[in-house]
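Going down the list, the protein sequences come from chains L and U. Numbering follows our numbering, with no gaps: position 234 of the first sequence is 234. Numbering follows our numbering, with no gaps: position 134 of the second sequence is 134. Ideal placement from N, C-alpha and C gives every residue a C-beta, glycine not left out. One structure is given below, encoded as structure tokens.
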Amino acid sequence: MSSLQTPPLSAGQGAPESGAVRLVRILLPIIVLAAGIAIWELVVRVNDIPPYVLPGPAAVFETLVKDWPVLSQSLLVTLLTTLEGFVAAAFGGIALALLFNQSKWLEYSLFPYAVILQVTPVIAIAPLLLIYLPQQTAVIVCAWIVGFFPVLSNTTLGLNSVDRNLAGLFQLYGASRIQTLRYLKLPSALPFILGGLRIAGGLSLIGAVVAEIAAGSAGAGSGLAYRIAESGYRLNIARMFAALLLLSAAGIVIYVLLALTSHLVLRRWHESALGKDN
Amino acid sequence: MVEPEALSEVDTRTAGLAVSLRGVTKVYDGGVVALGPLDLDVRKGEFVSLLGPSGCGKSTALRLIAGLSAPTSGTVGVSKPTGQARPGHSIGFVFQEPTLMPWTSVRENVGLPLKLARAPAAEASARIGEALKQVGLTEFADAFPRQLSGGMKMRVSLARALVTDPDILLMDEPFAALDEITRFRLNNDLLSLWRNLRKTIIFVTHSVFESVYLSQRVIVMTARPGRLDAEFRIDTAEPRAEDFRTSADYAGYCRKVSNALAPSYPGQHGS
Numbered sequence: 001m002s003s004l005q006t007p008p009l010s011a012g013q014g015a016p017e018s019g020a021v022r023l024v025r026i027l028l029p030i031i032v033l034a035a036g037i038a039i040w041e042l043v044v045r046v047n048d049i050p051p052y053v054l055p056g057p058a059a060v061f062e063t064l065v066k067d068w069p070v071l072s073q074s075l076l077v078t079l080l081t082t083l084e085g086f087v088a089a090a091f092g093g094i095a096l097a098l099l100f101n102q103s104k105w106l107e108y109s110l111f112p113y114a115v116i117l118q119v120t121p122v123i124a125i126a127p128l129l130l131i132y133l134p135q136q137t138a139v140i141v142c143a144w145i146v147g148f149f150p151v152l153s154n155t156t157l158g159l160n161s162v163d164r165n166l167a168g169l170f171q172l173y174g175a176s177r178i179q180t181l182r183y184l185k186l187p188s189a190l191p192f193i194l195g196g197l198r199i200a201g202g203l204s205l206i207g208a209v210v211a212e213i214a215a216g217s218a219g220a221g222s223g224l225a226y227r228i229a230e231s232g233y234r235l236n237i238a239r240m241f242a243a244l245l246l247l248s249a250a251g252i253v254i255y256v257l258l259a260l261t262s263h264l265v266l267r268r269w270h271e272s273a274l275g276k277d278n
Numbered sequence: 001m002v003e004p005e006a007l008s009e010v011d012t013r014t015a016g017l018a019v020s021l022r023g024v025t026k027v028y029d030g031g032v033v034a035l036g037p038l039d040l041d042v043r044k045g046e047f048v049s050l051l052g053p054s055g056c057g058k059s060t061a062l063r064l065i066a067g068l069s070a071p072t073s074g075t076v077g078v079s080k081p082t083g084q085a086r087p088g089h090s091i092g093f094v095f096q097e098p099t100l101m102p103w104t105s106v107r108e109n110v111g112l113p114l115k116l117a118r119a120p121a122a123e124a125s126a127r128i129g130e131a132l133k134q135v136g137l138t139e140f141a142d143a144f145p146r147q148l149s150g151g152m153k154m155r156v157s158l159a160r161a162l163v164t165d166p167d168i169l170l171m172d173e174p175f176a177a178l179d180e181i182t183r184f185r186l187n188n189d190l191l192s193l194w195r196n197l198r199k200t201i202i203f204v205t206h207s208v209f210e211s212v213y214l215s216q217r218v219i220v221m222t223a224r225p226g227r228l229d230a231e232f233r234i235d236t237a238e239p240r241a242e243d244f245r246t247s248a249d250y251a252g253y254c255r256k257v258s259n260a261l262a263p264s265y266p267g268q269h270g271s
């Protein structure tokens, strides 16, 4: 706070310096990005590389603007798939963890299969799913498969990390199972659940892309990953880069949104969301 | 674990007893004998300290009385609550750590026992206010636990134990982690609470000075397995206050209790 009040005169000492450090932390990556783009453009121009081998950043940007109607449509499709997969993963993961927490038998019976589903590469499962399920469903199922495990394992960890004395207290006051779950276990597990969701967000995008690529080579689909595959066949490399750029941006936005949600939910009490001064 | 009903199953037939342990032992799964056999009677309204080396089963005894675990053998008798409250509610428990829910306010933390008992909101609110007043935290009702000092957190924990107006207060080394000045202040506050409310208090500590200062009766326990070793009645002019801490009487009692405790230490078992 003091850094806001003090004039730049005292920039050499104490608190104002952290402001300068923050500026550097924002500026440095931007400088690196600008330098990278400049070098890329320079290499393409100096060597006169044809755009079907490597388009320069200017050409990629131009394609992004020119093909926006097609690309934005595809972006929307991919985002929708990701969202559906993510929501399914969130609900599925949390619900399964709650079930496991209530019944050890269920956990012992099913947990190994959750692990198997997780360790089998989704790219290998996708073609099979595409045979047995309608394409749109198969894509969502792929997004779900990769997304649900981090939610499941994190929620399970959270539900098992309840303070032993607090659990004793609930027992002493005769809390019912539902009360213990609602007032003790779920709030205790919340930071873990949010951490799991943050991972699941990015993974759902990956799952959606993988499934689209698998489906795309079969000739149908309209998501961003399908655009990448299709543009590859047509040697429209600039459009591949443009679509890739949009996928990265989507991933970043998903991450930032989930991190922000986590911060807003936990800011009043959890260590991870508190400033250093508190 | 035990059902709350099992607690008062063995009712204290003798009038005036709040807690009665008969031949109670506790053997943990690994075969470690933690406690007993232990016989202990605590009268209603009495302030008793259980004093002993670490790992002598003091806390285990407290958890047995609270019904948080079941004895391996013997009987645990706890007097029935005077009101219509449920059995569990005749007991308040203060742990060694404040054991607060970090995600919610002081008010919600203190009100937890009432919420679990589904008490009406208006009644709960009044009782929370009363409990907070008793520990001097009225202004901090809306603070979060992380905003409070160690001593204040302990006060919240105490308010939560008092909010159901229990007959018996079980305290498991509640002030062990606090600095000395805070500890002395809380000692005094606890004494005046006890004088005003006349609860039965069973106080577990490993501090000779604390036990003598607070209690009417100090029970010294042996190292594992914990048994009753010696018992001292602290007879002094009431109400006790800070000057008791520096009196010759106090020093004398402390010396006697320390001497009784000493044999437990050279050949200490476990920790």
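DSSP places GLY168 of chain L within a helical segment (H, G or I) once states are collapsed to three. For PHE91 of chain L, the enclosing alpha helix (DSSP H) has its first and last residue at 68 to 102. Within the stretch 22 to 46 of chain U, the runs of beta strand (DSSP E) at least 3 residues long that lie entirely inside it are, in chain order, 33 to 43. For ALA230 of chain U, there is no enclosing alpha helix (DSSP H); the enclosing beta strand (DSSP E) has its first and last residue at 228 to 233. With 16 or more other Cβ atoms inside 10 Å of its own Cβ, ASN109 of chain U counts as buried.
Only residues of its own chain outside the window of five on either side were considered, and among them TYR52 have a CB closer than 8 Å to the CB of LEU235 of chain L, listed in chain order. Listed by position along chain U, the residues whose Cβ is nearer than 7 Å to that of GLN136 of chain L form an empty set, because the closest Cβ is around 39 Å away. The stretch 163 to 182 of chain U makes no contact with the stretch 21 to 28 of chain U: fewer than 3 CB pairs, one atom from each, lie closer than 8 Å. Checking the DSSP bridge columns, you'll see MET221 of chain U partnered with U:LEU228. Residues of the stretch 94 to 116 of chain L whose Cβ lies closer than 8 Å to any Cβ of chain U: none. Between the C-alpha atoms of CYS254 of chain U and LEU184 of chain L there is a straight-line separation of about 42 Å. Within the stretch 64 to 81 of chain U, the residues whose Cβ lies closer than 8 Å to any Cβ of chain L are, in chain order, ALA66, GLY67, LEU68. Annotated three-state conformation of ALA243 of chain L is helix, per DSSP. Scanning U:LEU114, U:GLN216, U:SER59 for the CA closest to the CA of GLY174 of chain L turns up U:LEU114. Relative to the Cα of LEU68 of chain U, the nearest Cα in the group L:TYR233, L:LEU166, L:ALA225, L:VAL253 belongs to L:LEU166. Nearest Cα to ALA243 of chain L within the set L:GLU41, L:GLY36, L:PRO69, L:TRP144: L:PRO69. MET101 of chain U: not part of any alpha helix (DSSP H); DSSP gives it neither H nor E. With respect to ALA88 of chain L, ILE123 of chain L sits apart: the two C-beta atoms are not nearer than 8 Å. Beta-carbon to beta-carbon, THR200 of chain U and ASP167 of chain U are separated by about 6 Å, close enough to satisfy the 8 Å threshold.
The three-state secondary structure of ALA34 of chain L, taken from DSSP, is helix. For ILE219 of chain U and VAL135 of chain U, the gap between their C-alpha atoms comes out near 27 Å. Within chain U, no residue has its CB atom less than 9 Å from the CB of ARG267 of chain L, the nearest being about 11 Å off. Around the CB of GLY23 of chain U, fewer than 16 other CB atoms lie within 10 Å, so the residue is classed as exposed. Closer than 7 Å at the C-beta level to chain U, one finds these residues of the stretch 151 to 165 of chain L: ASP163, ASN165. Between the stretch 70 to 79 of chain U and the stretch 125 to 145 of chain L, the count of C-beta pairs closer than 8 Å stays below three; the two stretches do not touch. Our two residues, THR155 of chain L and LEU186 of chain L, have alpha carbons roughly 9 Å apart in a direct line. Counting other Cβ atoms within 10 Å of its Cβ, LEU28 of chain L stays below 16 and is therefore classed as exposed. Where THR205 of chain U is concerned, the enclosing beta strand (DSSP E) starts and stops at 200 to 205. For THR75 of chain U, the enclosing beta strand (DSSP E) covers residues 73 to 78. In this model, LEU116 of chain U and SER90 of chain U are separated by some 14 Å (Cα to Cα). Approximately 12 Å separates the beta-carbon atoms of LEU170 of chain U and PHE47 of chain U; this is outside 8 Å, ruling out the contact. For the pair of segments examined, the stretch 104 to 120 of chain L was found not to touch the stretch 185 to 205 of chain L: the number of CB pairs separated by less than 8 Å stays below three. Nearest Cα to SER247 of chain U within the set U:ASN187, U:VAL212, U:ASN259: U:VAL212. Taking C-beta atoms as the reference points, TRP269 of chain L and ARG146 of chain U count as a pair closer than 8 Å.
With distances taken between CA atoms, LEU228 of chain U lies nearest to U:PRO37 out of U:THR138, U:PRO37, U:MET152. Distances from the CA of SER161 of chain L to each of L:ALA211, L:LYS66, L:ASN101 were compared; the closest alpha carbon is that of L:ASN101.
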